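Here's the structure, in structure tokens; my notes come after.
In this note's numbering, the protein residues as written are 100 to 245.
Now the structure itself:
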């Protein structure tokens with residue numbers, strides 16, 4: 100049971116590390132962003148390593164699980180909206196749309212990416228509130244090491 104909880108926490112924290120992938124999109128390579136959102140397999144969490152170093156209590160594990168479960172649907176909806184807007188922009192770029200139409204779609208996509216990144220950041224902040232000072236330092240060090 101503890102291994103399951105640790106795995107859930109690890110998956111949540113790994114998902115938080117993906118914030119930078121959408122927060123800093125490469126506008127010259129929109130296919131890469133779409134591909135990263137759709138095909139990047141999430142690494143399987145290991146029961147050992149830096150996550151165990153956080154030494155989370157069962158209560159902390161449960162709270163992180165609740166945060167993850169509450170935000171899962173919201174994040175998925177935002178991710179799908181980004182993918183759809185990316186595909187629409189690609190279609191407009193390849194077609195005969197006006198510059199204004201393409202620019203409008205690009206601005207919509209940019210806004211959706213920011214909303215997705217903001218939602219992930221809020222989850223990270225909520226998780227941070229559960230951790231004590233030492234755990235926060237370790238959590239932050241791991242996040243920015245990648």
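Virtual Cβ for every residue (Gly too), placed ideally from N, Cα, C. On a predicted model such as this, the values are computed, not experimentally measured, just so you know.
Per-residue DSSP class, three states only, for residue i
i           : result
residue 223 : helix
residue 231 : coil
residue 153 : coil
residue 170 : helix
residue 184 : helix
residue 240 : helix
8 Å Cβ cutoff met for residue i and residue j
i           : j           : result
residue 220 : residue 153 : no
residue 211 : residue 188 : no
residue 177 : residue 214 : yes
residue 184 : residue 204 : yes
Integer-rounded CB distance, given that residue j should sit under 8 Å from residue i
i           : j           : result
residue 218 : residue 174 : 6 Å
Pairwise C-alpha distance: residue j and residue i
i           : j           : result
residue 166 : residue 182 : 24 Å
residue 244 : residue 155 : 20 Å
residue 200 : residue 151 : 50 Å
residue 224 : residue 172 : 18 Å
residue 194 : residue 202 : 14 Å
residue 197 : residue 170 : 37 Å
The ligand HEM heavy atom lying under 7 Å from the CB of residue i
i           : result
residue 225 : Among the ligands in the structure shown, none appear at all, so the ligand HEM cannot be discussed.
Open item on the list: Assess contact between the stretch 217-233 and the stretch 156-163, defined as three or more Cβ pairs (one per stretch) separated by less than 8 Å. Is contact present?
Closed with: With the cut-off at 8 Å, the stretch 217-233 and the stretch 156-163 touch.
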